Amino acid sequence: MKYWLLKTEPNVWSWQDNYKSKLHTAEWDGVRNYQARNNLKKMKKNDLCFFYHTGDEKKIIGTCKVVKEYFLDKSDKDKKFVSVMIKNEKKFLQPVTLNSIKQNPFFKDFILLKQSRLSVLNVDIKYWKKICKMSNIYQN
DNA sequence: GCCAACGTTGGC
DNA sequence: GCCAACGTTGGC
């Protein structure tokens, strides 16, 4: 089981938009960066992802689950990029802000901070657990 | 709105 | 294949 982080500009596609979709499930499309695409291709069914809002928000809103592994992104005419299907899981009681992550030295090697332009990235389990604690969703 | 950090494109 | 010029992302 792997953990990921998916970035989106909430004006374009938000947590709420995804939640309003049938079965809270929607296609994660529009990725046009090869490194991000390669990460999409590594995602397995039931892997979990953080749902991150960029722009004015810059915070992790909640978690979602990969319910369908990668397939061709129909919005890409050149057929080079792929999508996955994701389903909303848990909305954080307390969204975890980029700022709070940056403040904590624990996260100094987190890819989120090192490659600010990468929109689909792997999350080490130690960061996953720590962020879940900060969100007040999970007890441990 | 600016700009750093990347990515991409196209001339050579 | 190099790299200058240009385009994009996303944090500030």
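Under the working numbering, the residues of the first sequence are numbered 6 to 145, in order.
C-beta: ideal position from N, C-alpha, C; glycine also.
Being a predicted model, the structure only gives us computed values, none of them experimental.
Out of curiosity, what's the CA-to-CA distance linking residue i and residue j?
i	j	result
glutamate 94	isoleucine 66	11 Å
methionine 90	valine 36	13 Å
glutamine 144	lysine 82	Low per-residue confidence applies at glutamine 144: pLDDT is 42, beneath 50, and the placement is therefore not dependable, though the value from the model is reported in the following sentence. Rounded to the nearest angstrom, the two C-alpha atoms are 45 Å apart.
leucine 98	threonine 68	11 Å
phenylalanine 111	lysine 25	35 Å
isoleucine 106	glutamine 120	14 Å
glutamate 14	leucine 117	15 Å
leucine 103	isoleucine 130	18 Å
serine 80	valine 17	15 Å
Is residue i buried or exposed, if buried means 16 or more other CB atoms sit within 10 Å of its CB?
i	result
lysine 12	buried
phenylalanine 76	exposed
aspartate 61	exposed
methionine 48	buried
tyrosine 39	exposed
aspartate 114	exposed
Which residues in the same chain as residue i place their Cβ atom closer than 6 Å to its Cβ, once the five residues preceding and following it in sequence are excluded?
i	result
tyrosine 57	Leu10, Lys12 and Ile65
alanine 31	Asn23
threonine 59	Lys12 and Glu14
Skipping 5 residues on each side, what residues in its chain have a beta carbon closer than 8 Å to that of residue i?
i	result
lysine 50	Val71, Val72, Lys73 and Glu74
aspartate 52	Met6, Lys7, Tyr8, Trp9, Lys70 and Val71
Can you list, in chain order, the residues of its chain with a C-beta nearer than 7 Å to that of residue i? Leave out the 5 residues immediately preceding and following it.
i	result
valine 101	Lys64, Ile65, Ile136, Met139 and Ser140
valine 87	Arg42, Leu45, Lys46, Tyr75, Phe76, Leu77 and Asp78
valine 128	Tyr8, Trp9, Leu10 and Phe55
valine 125	Trp9, Leu11, Val36, Ala41, Asn44 and Leu45
lysine 92	Leu28, His29, Thr30, Cys69, Lys70 and Val72
Can you pull the DSSP bridge partners for residue i?
i	result
threonine 59	Paired residue(s): none; threonine 59 is not in a bridge.
alanine 31	Ile91
valine 125	Leu11
leucine 117	Paired residue(s): none; leucine 117 is not in a bridge.
cysteine 54	Trp9 and Cys69
lysine 64	His58 and Thr102
Ignoring anything shorter than 4 residues or poking outside the region 66-106, list the alpha helix (DSSP H) runs there in chain order.
Counting whole runs of 4 or more residues, the region 66-106 contains no alpha helix (DSSP H) stretch at all.
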